[in-house]
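Note that the working numbering has the sequence shown beginning at 31, numbered continuously upward. Read through the structure below, which is laid out as structure tokens, and then see the notes.
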Amino acid sequence: MRLVFTAQAEQDLLDIWAYIASANVPAADRLLDAIEAACAMLTDFPRLGPAFSPSPALRYLSVGRYLVLYQALKGAVKIVRVVHGARYLPGIVEKN
Numbered sequence: 031m032r033l034v035f036t037a038q039a040e041q042d043l044l045d046i047w048a049y050i051a052s053a054n055v056p057a058a059d060r061l062l063d064a065i066e067a068a069c070a071m072l073t074d075f076p077r078l079g080p081a082f083s084p085s086p087a088l089r090y091l092s093v094g095r096y097l098v099l100y101q102a103l104k105g106a107v108k109i110v111r112v113v114h115g116a117r118y119l120p121g122i123v124e125k126n
């Protein structure tokens, strides 16, 4: 199974890294490593995360304080967004 990141998810990861790295580069590196490892795990277990209730086609996985929003597709897992868990998620999902 392939792992595909949307352009927005890639930008989310860059923004998260830059924000955390402004105070602590090693912590930013560790967080991105953890997010990437969790995403890689989805290729073997695509239904690992629960469905996201406002949009049942989406699922999510928690990594620290961040949520990886993804779709389990035939032959691929598409990472849609990576956002802080404190954000208003229905508004984020509506934009995608």
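Just so you know, even glycine gets a beta-carbon here, dropped at the ideal spot from N, CA and C. Since this is a predicted model, take the numbers as computed values, not measurements.
Residue i to residue j span [Cα, whole Å]
i, j, result
"ARG77", "GLN101", "9 Å"
"TYR90", "TYR49", "22 Å"
"ALA39", "ILE46", "10 Å"
"ARG117", "SER85", "16 Å"
"VAL36", "VAL93", "Going by the sequence as given, residue 36 is Thr instead of Val. So the two alpha carbons sit approximately 18 Å from each other."
"LEU103", "ASP42", "21 Å"
"ILE65", "ALA81", "18 Å"
"ALA68", "VAL107", "12 Å"
"VAL110", "VAL98", "8 Å"
"LEU44", "ALA87", "25 Å"
"PHE75", "VAL34", "15 Å"
Reduced DSSP secondary structure (H/G/I, E/B, other) of residue i
i, result
"VAL32", "Note that residue 32 corresponds to Arg in the displayed sequence, not to Val. Here ARG32 sits in strand by DSSP."
Beta-bridge partners of residue i, as assigned by DSSP
i, result
"VAL113", "LEU97"
"TYR49", "TYR49 pairs with nothing; no bridge assigned."
"ARG89", "ALA81, TYR100"
"VAL55", "According to DSSP, which records beta bridges pairwise, VAL55 is partnered with nothing at all."
"ALA106", "ARG32, LEU103"
Residue range of the alpha helix (DSSP H) that includes residue i
i, result
"ASP74", "Looking at the DSSP string, ASP74 is not in any alpha helix (DSSP H), and its letter there is neither H nor E."
"LEU78", "Looking at the DSSP string, LEU78 is not in any alpha helix (DSSP H), and its letter there is neither H nor E."
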